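Asker: Heads up: the sequence shown runs through residues 914 to 1079, numbered per this note's numbering.
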Amino acid sequence: MFIQQLKKFFLVVVILSSFLLTYLWYKDYSFNSNPLSKEIQIKVYEKHQKLKYLTNKYFNIKRVFPITITDELDSSRYGMAVYSKNGQINLYLNKKRFKENENYMINDVMPHEYAHAIMFALGNFSNENQGHTKKWQEICKKLEGLRCDRFVNHQDILIEKTNLFK
Ligand SMILES: [Zn+2]
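In C-alpha cells, the structure reads:
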C-alpha cells in the first residue's frame, strides 16, 4: 500500500516537473524572440507616462493612446500612428529599430508618433506633407520631441476612411 502511494507521488512529481520544464523553456523562448530588455521596456513606459502628462497639460486630452512595440512593421519604418474607423487611435513602434538606437526611438520617434495621435484626437486629419503640418510640428515640440522635422520622408500615418471625411 505504501509503495503504491510512493509510486503515485513520484508520478505526480514527474508530471509537475515536466510542466515546469516546459514553462521554463517557453519563458526562455519568448525572451529570446523578444530582444527588448526589461530596461528598455521600463524606459518606454516612463516616456509614455511623460507623454500622457504633457498631452493632458497642453491639450487637455486625458485620453491614452496605446503603444504597441512590434516586429511586424517593415524595417524602413520607425513607427506608425493609426486612426481606425471606430475612432480608435493606436501607435506602433518598430521593435527592430530599437536594437540600433533606443534613445532615438524613445526621445524622437515616441513624441513624433504621439503628436500624430493628438492631431487625430483633435479631429485634424490633414494629409498635407504626409501629416507633418505646421500644427503637428507645434504639438511635437510641446511633447519635447528632439527633432520635430516637418520634412521627414517616411509615410507613418494611416487613416481608415470614416464619416469624418464626408
Ligand atoms: Zn510622422
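Glycine included, C-beta positions come from ideal geometry on N, C-alpha and C. None of the values given here were measured: they were computed from a predicted structure.
Using a threshold of 9 Å, state whether the C-beta atoms of glycine 1044 and isoleucine 1070 are closer than that.
Answerer: Here residue 1044 corresponds to residue number 131 of the sequence shown, with the count starting at 1. Here residue 1070 corresponds to residue number 157 of the sequence shown, with the count starting at 1. Cβ distance < 9 Å, so glycine 1044 and isoleucine 1070 count as in contact.
Asker: Are any of the Cβ atoms in chain D nearer than 9 Å to that of threonine 983?
Answerer: Although the question refers to chain D, the structure presented lacks it and comprises just one protein chain.
Asker: Assign aspartate 987 to buried or exposed, taking buried as 16 or more other Cβ atoms, counted over all protein chains shown, within 10 Å of its Cβ.
Answerer: Counting from one through the sequence shown, the residue named residue 987 turns up at place 74. Exposed, since its Cβ has fewer than 16 Cβ neighbours within 10 Å.
Asker: Hey, is the segment 1000–1017 in contact with the segment 1035–1049, meaning 3+ C-beta pairs nearer than 8 Å?
Answerer: Contact between the segment 1000–1017 and the segment 1035–1049 is absent: fewer than 3 CB-CB pairs across the two stretches fall below 8 Å.
Asker: In the DSSP assignment, the alpha helix (DSSP H) including isoleucine 1031 goes from what residue to what residue?
Answerer: The count along the sequence shown starts at 1 and reaches residue 1031 at position 118. Here the alpha helix (DSSP H) through isoleucine 1031 covers 1023–1034.
Asker: Is the CB-CB distance between phenylalanine 1033 and tyrosine 991 below 9 Å?
Answerer: Position 120 of the sequence shown holds residue 1033. Position 78 of the sequence shown holds residue 991. No. Outside cutoff.
Asker: Which one of Ile953, Glu1051, Pro979 and Thr1046 has the shortest CA to CA distance from phenylalanine 1064?
Answerer: Your numbering for residue 1064 matches position 151 in the sequence shown. Per the C-alpha coordinates, the member of Ile953, Glu1051, Pro979 and Thr1046 positioned closest to phenylalanine 1064 is Thr1046.
Asker: Can we count glutamine 1043 as close to ligand 1, meaning its CB is less than 8 Å from some heavy atom?
Answerer: Position 130 of the sequence shown, counted from the first residue, corresponds to residue 1043. Checking the Cβ of glutamine 1043 against ligand 1 gives yes.
Asker: Taking the alpha-carbon positions, what's the arginine 1060 to leucine 933 distance?
Answerer: Translated into the one-based positions of the sequence shown, residue 1060 becomes position 147. Translated into the one-based positions of the sequence shown, residue 933 becomes position 20. Approximately 48 Å between the Cα atoms of the pair.
Asker: Can you check DSSP and say which residues form a bridge with valine 995?
Answerer: In the sequence shown, the residue the question calls residue 995 occupies position 82. Per DSSP, Asn1003 and Leu1071.
Asker: Just to confirm, are phenylalanine 1081 and tyrosine 936 a CB contact at a threshold of 9 Å?
Answerer: Past the edges of the chain, shown from 914 to 1079, lies residue 1081, and the structure says nothing about it.
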